[in-house]
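These notes concern the structure reproduced below.
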């Protein structure tokens, strides 16, 4: 019997990706959809402007949308809520005993809330035990651009240490939600500003790579500088990275660290986990969004263009799917790991 789950903010871009990825999930079954007052009471197919290339699942299309209130027939809720409303709603659900796995930024820097990428810092999940919600809890995943960057950094950080890094992002339109950026703004253009994005990368990466202490995370000691751009690509964030390592490493050492890296999701063979978190390409013009964003269920991070950097030590390019690996897919992976690690059972519902 599958574990029943709900989706908060079900009509939005991240909510739709949750529905798409959970439609045939072997462990989870969507039993509740919730959205704003204007959508509540309607069938999902009447309220949602479905814009994914895959068809809307018929079973979901006929479900009635509820309010974002903690009376849903499930215990796990995946939150795709906008940050303007997510904070209080997610807290209410946690207090009512729900496990809240959130894509919103509101609780990411609460001291007792894990900011989690299961392939990177699964041990930080223990932080939720410090929360005061009884059977409930809140766990967050990071910003979309942070996730791809941090996965690529993790094996290098573990093996060589990282003193500093500079990253320039070229971020897809889907990261702005729907309807997103005006066509007149983005056609024949690049927008060199995404509100709050640079600060998120610089702060979140340090928490994710930080050390779990008794009651908090001690942030990693890395200098990080980020510049973010919006580009006319549908899906897939491309990032150009330069790093300074704490220990000397050859190009072959770095490539080996990427190619051999595995983590808890691979050990547990979780359904949403990529077979390999990182794919390295020797081809000089790879990775590219059109070619590589859907690699390994859209959950792999593609890396290429590794070169020596005349300013720092090395530079390279990485790519990740921003609404799958960078949002709903990582949240689902968190749910899978929690289901396996802490033994969520159907008897609890």
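In our numbering, the protein residues as written are 16 to 364.
Beta carbons: idealized from backbone N, C-alpha and C, even for Gly.
These figures come from a predicted structure and were not determined experimentally.
Does residue 341 come out as helix, strand or coil in the three-state DSSP assignment? helix
Across the stretch 113-130 and the stretch 340-358, are there enough close Cβ pairs to call them in contact, namely three or more that are closer than 8 Å? yes
According to DSSP, simplified to helix, strand and coil, what is residue 2? The structure shown has nothing for residue 2, since the chain only spans 16 to 364.
Please report the distance separating the alpha-carbon of residue 193 from that of residue 308. 19 Å
How about residue 14 and residue 125: are their beta carbons less than 8 Å apart? Here the chain comprises residues numbered 16 to 364, so residue 14 is not present and cannot be evaluated.
Residue from 21, 179, 212 and 176 with nearest C-alpha to residue 186: 212
What span of residues does the beta strand (DSSP E) with residue 98 cover, start to end? No beta strand (DSSP E) contains residue 98, which is instead part of the alpha helix (DSSP H) from 98-110.
Let me check understanding here. Comparing Cα to Cα, which of 201, 295 and 179 lies closest to residue 266? 295
Looking at residue 109: is its Cβ nearer than 8 Å to the Cβ of residue 83? no
So, with DSSP's three-state summary, where would you put residue 89? coil
With a CB to CB cut of under 6 Å and the five nearest residues on each side skipped, what residues in its chain are close to residue 322? 330
Strictly by DSSP, which residues pair up with residue 244? 185
Under the rule that 16 or more other beta-carbon atoms within 10 Å means buried, what is residue 197, buried or exposed? exposed
Does the count of Cβ pairs from the stretch 130-143 and the stretch 93-112 closer than 8 Å reach three? no
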